[in-house]
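There are 2 protein chains.
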Amino acid sequence: MSAVFTQVEKFKTHIKNFVPLTDTLSSYNKSLFKGDLNAGVTVGIMLIPQGMAYAILAGLPPVYGLYASIIPLILYALFGTSKQLAVGPVAMVSLLVVAGVGEFAEVGSARFIQLAILTALGVGLVQFLMGVFRMGFLVNFLSHPVLSGFTSAAALIIGASQIKNLTGLDLPRTNQVQEIVIETFRRFTEIEPITAAIGIGSIAAIILIRKWKRTFPSALVVVAVGTAITALFGLNQHGVAIVGEIPTGLPAFSLEFLNLSDARILIPTVLIISLVSYMESIAVAKAIANKHGYKVDANKELVALGAANIGGAFFQAFPTTGGFSRTAVNDQSGANSTIASIISAAIIALTVLFLTPLFYYLPSAVLAAIIMVAVAGLFDAAEMKHLWKTDRRDLAMLLVTFVATLALGIEEGIAIGVLLSLILVIYSSTKPHSAELGRLGETRNYRNIDRYIEANTDDEILIYRYDSSLYFANVEHFQETLFTKIEQRGKKLELVILDASAIHTIDSTGIHTLNEIIKDLKQREITFFIAGAIGPVRDKLKTCGIQESMGQENFFFDVSDAVACYKETPERIRKTFSPIQTNVKL
Amino acid sequence: MSAVFTQVEKFKTHIKNFVPLTDTLSSYNKSLFKGDLNAGVTVGIMLIPQGMAYAILAGLPPVYGLYASIIPLILYALFGTSKQLAVGPVAMVSLLVVAGVGEFAEVGSARFIQLAILTALGVGLVQFLMGVFRMGFLVNFLSHPVLSGFTSAAALIIGASQIKNLTGLDLPRTNQVQEIVIETFRRFTEIEPITAAIGIGSIAAIILIRKWKRTFPSALVVVAVGTAITALFGLNQHGVAIVGEIPTGLPAFSLEFLNLSDARILIPTVLIISLVSYMESIAVAKAIANKHGYKVDANKELVALGAANIGGAFFQAFPTTGGFSRTAVNDQSGANSTIASIISAAIIALTVLFLTPLFYYLPSAVLAAIIMVAVAGLFDAAEMKHLWKTDRRDLAMLLVTFVATLALGIEEGIAIGVLLSLILVIYSSTKPHSAELGRLGETRNYRNIDRYIEANTDDEILIYRYDSSLYFANVEHFQETLFTKIEQRGKKLELVILDASAIHTIDSTGIHTLNEIIKDLKQREITFFIAGAIGPVRDKLKTCGIQESMGQENFFFDVSDAVACYKETPERIRKTFSPIQTNVKL
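In order, the protein sequence lines correspond to chains R and E.
Here the first sequence stands for residues 1 to 586, where the numbers follow the numbering used here.
Here the second sequence stands for residues 1001 to 1586, where the numbers follow the numbering used here.
Here's what the structure looks like:
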């Protein structure tokens, strides 16, 4: 009986670990539910227009935005470790879908829809596997400047893509922002006045409502007002494009999209969406978790987002992730657990079941306005200003990614940004900082003599610190800078101390070079000490026999010890007078 | 008058700097010339058969090996900074030529020859420009294990490619070593007995002569004997393949090979040959220069090799570089300057002018034997053994490159090796070593408590050292490892000291994270000190306002100072008893 009990307990722990929601429920109460209900309803109402808008942005009929707001939300609620994260369609991912899938199918066509859903399955699988194999760290390769440059460019591209719907102009579908802007000005007179009035009016209304109260469903207000006006005055007869008929009913389970040969062509798109969407989600999840003093688990988050996308795909959802703005609203409206997401999903489900006919007269310009306001906040001029003051190299990276995204394309831009930042990391480690050290007064501190010009040096001792791991890409530089300093000192030099405290790894090429240096210094009759080498480096020096060939007595905890030892050991002071000198050579 | 004189002097210095040979000649004398003459003749005689052999290996008629041994040698002699380097055709580069150019033209065809010469021009331009723009450091990206794995695989591929000529078997031209070996065994009975006897006999003879005296022209001996026997007994009538007619006369100036559209397809081949050939050359040039106590200039070497290839291409030479074996012989035979190379070139010029008819009966098997002996030394089993003992990760890199080169191809192998080693560098910096430090007895030394288990720690102080630069790829890891340690300590913790001595750079993402940590620690009422930050990091912390927000007084030279300051400052000892405490909250 007790054995069975233990087994049951074990199983329970296992379930709690795997499905965090069960853990939440075990201590759930009325007051928590009140918060969740309020937040769930608020976000659900916000999601109706946003979901449709982002579906249009992704090149899909509006109803797919609602489909993507049901199953993924429920699955995330089961597996997610963030209590406030609001999952669903987001602008950035929608843009990536239209850019990636648009290469292989006509935007809005049946094949396009199938490929978008297949992309969701791919993204889900990649994220799920990344989580299972604990590869969440991969996202670290997207540096902040690269992501910021990419996001700002994406904001411009998304904004430009909506000018068409906002103004009623028949603009070409292109990612070249300048083309759209030029074309807009060229055809300025062709703008549909009523459409533009609705669009620009909606933007103004959203901004004003937001200023008044952030959690108020501003988007739904403009949707309601816009739809009502259009229906009342029959504006669709006067050139205002409307959403039209939206099918009623829950998304059906379907495997129609499954196709291995299509899967292959989507691989680059899938990989980029997997990383970018996870990145957006984990960033906002962590920020909110920090605020509330709990932790999100990066790998479990990957599993949860993966499950949301996989499950969603089988019910006609395109790729989803945790978004910035809805998560903020969810939190501000009092969400205490992922129950709030389930409530939001229920609201969307009710909408597709009963309310879609209400959106027949919804003008496309209103949805365009919603998208434009949403992405305006993504253009991050503040970060550019900040980097201009603090880190020009990172600013350059941001701008290269920004320009590459605008000029070459969405996926190319982010790929170039990542590659460039990795190359720069390598490049800067080929020519690292290094310094000659001197003693600060009578202290034990030895510091860069170019910074502390009052630091004291001895003519016969060269103390050299190399600020990088020693590996194949910089051994040349190490050897050259060291020997330049040695040769500057000339004949008086008796001792070289390598301050190895900043050398955190050493590879076989580094060992090879160190051996050459030791041999060379021996020939020049210069003593060689190593000070401050850290554990992993000492291990390597031992394995490779350098500790033995140099002699244990030539290793020191720090530079100060090394200098003291050299000065206090009489036979070392003048090596020309050796106690074991003989005249055999003569 | 004096102004003109100064101008002339300046011009002279300029010339000396640009054409090192003029500098050599200014102090040249008879005894130096004696050494150069001996070395030049020895290497020249060695070059005759080697040049023809490597031309065949490269898929070209033998005479092109002689063409490649005239102009490039003279140009290197003018611009090179190595006094002993012997430039000319080498096995590795020939292999790269046949692998790269062979994709676009039938081996040995007229178009193949034009493309091989065009490759030489491309290699020359790339090397020349790399030298002018001081990009010699790029070669550092080829790590020792990658180069060793690649070279060993190339040795096998080259060796296998010569079995055909060595045995008279009609084997397929492929880079798949196993196919050649299997085919050889399968058709064992079809081996031409006389051809095989000449081939294997030549190998044995070369090895024996080398053992006796390394500088003796062993290759020329087997060429002479092999040719004489074949001619005497008319062995070419009995199935022995011979070189046949070799055109007489110096290589003519020709621009026939110039073709922009061809140039484009050759780009990958050109880039790889440029790097690999420079790498081989600079390695041997440096080794010899070290031995003689002078320096070679990496960027000038690139310019010199570039000039040799560019000039060579206009006189029908395929890509050349400085080779291991001939350079060693050149040095051992007494070469004192690049005059030796000019003498070698003269010998080859005399050969193509007058002696080519002598090689009519030269059996291909003899040339195959020369190649096989040359490349046998390139298979580096010793390095594999050494890495097995000292660095398994580098061994893995070597083996991956080795296998990739054998299985996927010459260029793919080296590309995979380089990419893999760069990825590993990045990867290992995403999860660097870090340590919690404790005090060693009463000393000022603070060390990893996992290594020095006797090190003392205080319950209220956490000292943490992070052994890497802090940048976008590892900020996550930094934050997580630090806070894991902080949470392990619990409520007693009052002070966190970050030993930043091994953090040699910090980027904007790192700064962002550091700010978060500072904010978080403030909330937990934990004091935060930074100890031992190096100059470039301090600069960054200042620019980004961290020095200001943390307070100047929280920065220390080393951990010992930081701990002492904390313990000696009374108001810090118990922060719960503040001298300015009030009861306002109650």
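Note that CB positions come from ideal geometry on N, CA and C, so glycine has one too.
**Asked** Start and end of the alpha helix (DSSP H) containing residue 275/R?
**Response** 267-292
**Prompt:** Span of the alpha helix (DSSP H) holding residue 1457/E?
**Reply:** No alpha helix (DSSP H) holds residue 1457/E; DSSP gives it neither H nor E.
**Prompt:** So which residues on chain R does residue 1444/E lean against when the C-beta distance must stay under 7 angstroms?
**Reply:** Here the neighbours are 444.
**Message:** Let's see if you can read the secondary structure: which residues bound the beta strand (DSSP E) around residue 566/R?
**Reply:** For residue 566/R, no beta strand (DSSP E) run applies; the uninterrupted alpha helix (DSSP H) run containing it begins and ends at 559-568, by DSSP.
**Request:** Using a Cβ-Cβ cut-off of less than 7 angstroms, give me the residues of the stretch 527-542 of chain R that come near chain E, in sequence order.
**Result:** Here the close residues are 534, 535 and 536.
**Request:** Decide if the stretch 1517-1537 of chain E is in contact with the stretch 403-417 of chain R; the criterion is three or more beta carbon pairs, one per stretch, under 8 angstroms apart.
**Result:** no
**Request:** Spell out whether any CB of chain E is found under 8 angstroms from the CB atom of residue 268/R.
**Result:** no
**Three-state secondary structure assigned by DSSP to residue 254/R** = Correct three-state label for residue 254/R: coil.
**Below-8 angstroms beta-carbon distance, residue 1426/E vs any chain R residue** = Using a CB distance cut-off of 8 angstroms, residue 1426/E counts as an interface residue toward chain R.
**Prompt:** Roughly how many whole angstroms lie between the Cα atoms of residue 1044/E and residue 1344/E?
**Reply:** 4 angstroms
**Three or more C-beta pairs below 8 angstroms linking the stretch 1391-1408 of chain E and the stretch 1248-1261 of chain E** = no
**Item:** Cβ-Cβ distance between residue 144/R and residue 1483/E below 8 angstroms
**Value:** Their beta carbons are not under 8 angstroms apart, which means residue 144/R does not touch residue 1483/E by this criterion.
**Message:** Does residue 579/R come out as helix, strand or coil in the three-state DSSP assignment?
**Reply:** Caution applies to residue 579/R, whose pLDDT of 40 falls short of 50 and renders its modelled position unreliable; the model cannot decide the point.
**Item:** Extent of the continuous beta strand (DSSP E) run through residue 1446/E
**Value:** 1446-1448
**Prompt:** Which residue spans inside the stretch 1423-1511 of chain E form an unbroken alpha helix (DSSP H) run of at least 4?
**Reply:** 1475-1489
**Asked** Given residue 584/R, which residues of its chain have a CB within under 7 angstroms of its CB, disregarding the five upstream and five downstream residues?
**Response** Bear in mind that the predicted position of residue 584/R carries a pLDDT of just 43, short of 50, making it too unreliable to give a figure here.
**Asked** Of all Cβ atoms in chain R, is any one closer than 8 angstroms to the Cβ of residue 1292/E?
**Response** no
**Asked** Hey, is the stretch 314-330 of chain R in contact with the stretch 82-93 of chain R, meaning 3+ C-beta pairs nearer than 8 angstroms?
**Response** Yes: the two stretches touch, three or more of their Cβ pairs being nearer than 8 angstroms.
**Request:** Determine the contact status of residue 1097/E and residue 1418/E, defining contact as a CB-CB distance below 8 angstroms.
**Result:** no
**Message:** Looking at the secondary structure, which residues open and close the beta strand (DSSP E) in which residue 529/R lies?
**Reply:** Residue 529/R: member of the beta strand (DSSP E) spanning 527-531, first to last residue.
**Request:** Identify, in the order they occur along the chain, each residue of the same chain with its Cβ nearer than 7 angstroms to the Cβ of residue 1246/E, setting aside the five sequence neighbours on each side.
**Result:** 1062, 1063, 1356 and 1359
**Asked** How long is the line joining the alpha carbons of residue 293/R and residue 50/R, rounded to whole angstroms?
**Response** 30 angstroms
**Prompt:** For residue 1108/E versus residue 1309/E, is the C-beta spacing smaller than 8 angstroms?
**Reply:** no
**Asked** Within the chosen definition, does the stretch 105-121 of chain R reach the stretch 436-455 of chain R through at least 3 CB pairs nearer than 8 angstroms?
**Response** no
**Asked** Would a C-beta distance cut-off of 8 angstroms place residue 1037/E and residue 1336/E closer than the cut-off?
**Response** Between residue 1037/E and residue 1336/E, the C-beta gap is not smaller than 8 angstroms, which leaves the two residues out of contact.
**Item:** Where residue 1363/E falls: helix, strand or coil (DSSP)
**Value:** strand
**Prompt:** Between the stretch 1363-1375 of chain E and the stretch 1193-1205 of chain E, are three or more C-beta pairs nearer than 8 angstroms?
**Reply:** As far as the Cβ criterion goes, the stretch 1363-1375 of chain E touches the stretch 1193-1205 of chain E, which means the pair count is three or higher.
**Message:** By alpha-carbon positions, which one of 1449/E, 1048/E and 1080/E ends up nearest to residue 1218/E?
**Reply:** Ranking 1449/E, 1048/E and 1080/E by Cα distance to residue 1218/E puts 1048/E first.
**Prompt:** Under a Cβ-count criterion, where at least 16 other Cβ atoms within 10 Å of its own Cβ denotes burial, should residue 173/R be classed as buried or exposed?
**Reply:** exposed
**Prompt:** Would you call the stretch 1538-1547 of chain E and the stretch 1414-1433 of chain E in contact, with 3 or more CB pairs under 8 angstroms?
**Reply:** Cβ pair count under 8 angstroms is below three, so no.
**Asked** Could you give the C-beta distance for residue 1075/E and residue 1311/E, rounded to a whole number, given that I count them as a contact under 8 angstroms?
**Response** 4 angstroms
**Request:** Starting from the Cα of residue 1340/E, find the closest Cα among 1060/E, 1507/E, 1159/E and 1034/E and give me that residue.
**Result:** 1034/E
**Message:** Three or more C-beta pairs under 8 angstroms: does that hold for the stretch 1181-1194 of chain E against the stretch 1387-1397 of chain E?
**Reply:** no
**Message:** Let me check one thing: in DSSP terms, what residues is residue 322/R bridge-paired to?
**Reply:** 87/R
**Request:** Please check if any C-beta of chain R sits within less than 8 angstroms of the C-beta of residue 1557/E.
**Result:** yes
**Asked** Whose C-alpha, out of 513/R, 69/R and 561/R, is nearest the C-alpha of residue 477/R?
**Response** 513/R
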